[in-house]
Amino acid sequence: MEFKFEKLIIWQKAMDLGEELNRLSLMFPEKEKFNLASQIARSGDSIALNIAEGCICQSEKEFKKFMGYSIRSLAEVVTCLHKANLRNYISKSEFQSRYSESFHLMNMMIAFKNKIK
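All residue numbers for the sequence shown refer to the numbering used here, where the first residue is 42 and numbers rise by one.
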């Protein structure tokens with residue numbers, strides 16, 4: 042038995058990314074604990090949370106709205122990754138890996154959103 046959203050590849054990938062971002066945020070300096078570290082972890086979690094919430098909405102229009110929230114949360118993650126990279130909180134390879142993962146997930150989410158009537 043599983044919920045409808047658990048079958049979605051975008052939800053599964055968003056869950057994985059959220060966990061990776063949480064792990065990454067724990068490596069940030071203590072001074073960022075309530076700033077960038079918190080922001081990247083929360084926006085990373087928000088992606089999967091909004092997909093799940095949207096999936097059980099009452100209408101396709103509402104689902105599309107929540108997919109938009111997820112896409113914006115992912116854009117926020119990408120910006121946080123850039124900030125972390127510029128501040129040397131993460132390695133170049135860590136940045137490239139998470140950036141690439143985010144890019145592919147963004148494309149999948151946009152395509153999925155566009156298929157919602």
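We put the beta carbon where it would ideally sit given N, CA and C, even for glycine.
Remember, predicted model here, so these are calculated numbers, not experimental data.
1) Which first and last residues belong to the alpha helix (DSSP H) in which N63 is found?
2) How long is the line joining the alpha carbons of S143 and L115, rounded to whole angstroms?
3) Following the continuous alpha helix (DSSP H) through M147, name the residue where it begins and the one where it ends.
4) Rounded to the nearest angstrom, what separates E61 and K54 at their Cα positions?
5) Starting from the Cα of A82, find the closest Cα among E101, A93, F107 and A125 and give me that residue.
6) Three or more C-beta pairs under 8 Å: does that hold for the region 66-78 against the region 120-134?
7) Please name the residue, chosen from E73, L49 and K72, that lies closest to I88 on a Cα-to-Cα basis.
8) The alpha helix (DSSP H) spanning Q80 covers which residue range?
9) Could you check where the alpha helix (DSSP H) with Y110 kicks off and where it finishes?
10) Please say whether I112 and I151 have beta carbons closer to each other than 8 Å?
11) Please classify R139 as buried or exposed, where buried requires at least 16 other C-beta atoms within 10 Å of its C-beta.
On the basis of the coordinates in this document:
1) I50 to S66
2) 7 Å
3) K133 to K156
4) 11 Å
5) A125
6) yes
7) L49
8) L77 to C96
9) E101 to L127
10) yes
11) buried
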